[in-house]
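Notes follow once the structure below has been shown.
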Amino acid sequence: MMKAAVVVFPGSNCDRDLAVAFEQAGFEVSMVWHKDSALPEGVDIVGVPGGFSYGDYLRCGAIAAQSPICQAVVEHTKRGGYALGVCNGFQILTETGILPGALLRNAGLKYICRTVDLKVATADSAFTQGYSVGDEIGIPIAHHDGNYFADAETVKMLQDQDRIAFTYAENPNGSVADIAGILSENRRVLGMMPHPERAADDGHGGTDGTAMFRALSGIFANA
Amino acid sequence: MKARVHVMLKNGVLDPQGEAVRHALGALGFDKVEGVRQGKVIDLDLAEGATEADVTEMCEKLLANTVIESYSIEMA
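Right under this line is the structure:
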């Protein structure tokens, strides 16, 4: 059975949503507490959920990145393991250094909570292979600090290596190059500000995120 | 022993909060403000024997995100 682990920090609030999205795609999901120092045996993918880990103290994700479980997540990704970081989870993945860049305060300074259109920028990853390049999908955002920043050299590297997974059709937060989500160099880690797990059930009012979780389960089912 | 760490967004990184403060100052009639950058000050109480090198390591590992922020340290 495909196994996903979802990390729970004090202040996480999308952990159960993410777990349900994985479960509906056929994963066996275990929740791991931030003080745990190891992931469960045989985990295929780690979900780092949205929320306000450690109250966003110091910087969003900064304290979470130093937690025992995050060191285990870093090791997991170094071994070639998969990880999906959503919203605060994306911030945490940048703070750990697993993904490049950082998330700044939204350019308009306001917290934004609405469904936005994303453009699929690459289909070449386990996360995005269920889409086609150029597809527009409606995925909710809910963030105050979603303004992706990286220096020009890093942005060029992401573009050259086809590591931008999603861009905003209309940039809501000032992100450089309209970036909404990026992949790691080995394409096995995705960090994104929008919430695919909030568009993964008919009750959500949209199901454009479902293809991501299905594609992931396809990868592990055939592995 | 004390150390004071200043953390600022790097030059070239947009500081929307500083920009909002600049606008607000302008609205109050302070028309000679040409730019505002907002940062953080972190005061550390340190045990005897702590060095600036220790504080530098703290900045690199946690207190600043050097992708977007620069820092300076005052030991006192």
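Just so you know, the sequences run in chain order A and B.
Read left to right, the first sequence gives residues 2 to 224 (my numbering).
Read left to right, the second sequence gives residues 42 to 117 (my numbering).
Think of the CB as a built atom: it goes at the ideal place given N, C-alpha and C, for glycine as much as any other residue.
Just so you know, the alpha carbons of A222(A) and E60(B) end up roughly 50 Å apart. Under the 7 Å criterion on CB atoms, V108(B) is classed as interfacial with respect to chain A.
Checking the DSSP bridge columns, you'll see F128(A) has no partner listed.
Under the 7 Å criterion on CB atoms, A61(B) is classed as interfacial with respect to chain A. Per DSSP, C114(A) is one residue of the beta strand (DSSP E) stretching across 113 to 121.
The beta carbon of A127(A) does not come within 7 Å of any beta carbon belonging to chain B, so the residue lies off that interface.
For G86(A), the enclosing beta strand (DSSP E) stretches over residues 83 to 87. When 8 Å is used as the limit between beta carbons, G206(A) is near no residue of chain B, the shortest such separation being about 30 Å.
Secondary structure note for H35(A): it is in no alpha helix (DSSP H), with a DSSP letter that is neither H nor E. Contact between the segment 91 to 109 of chain A and the segment 59 to 67 of chain A is established, with three or more Cβ pairs separated by less than 8 Å. M158(A) carries a helical assignment under DSSP once its states are collapsed to helix, strand and coil. From the listed residues G192(A), A22(A), N174(A), R215(A), the smallest Cα separation to R115(A) is found for N174(A). The segment 43 to 51 of chain B and the segment 96 to 104 of chain B touch, with no fewer than 3 CB-CB distances between them shorter than 8 Å. Residues D16, M32, V33, W34, H35, P50 of the same chain have their beta carbon placed closer than 8 Å to that of V9(A), with the five preceding and five following residues left out of the count. Of the candidates Y112(B), V108(B), A117(B), the residue whose Cα lies closest to the Cα of V54(B) is V108(B). In the structure shown, the three-state DSSP call for T97(B) is helix. Under the Cβ distance rule, A103(A) counts among the residues neighbouring chain B, one pair being separated by less than 7 Å. For S113(B), the uninterrupted beta strand (DSSP E) segment begins and ends at 110 to 116. At least one C-beta of chain B is nearer than 7 Å to the C-beta of L110(A).
Residue nearest to M213(A) within the set A151(A), R164(A), S126(A), T168(A) is S126(A) (criterion: CA-CA distance). Here G27(A) is near S218(A), since their CB atoms are less than 7 Å apart.
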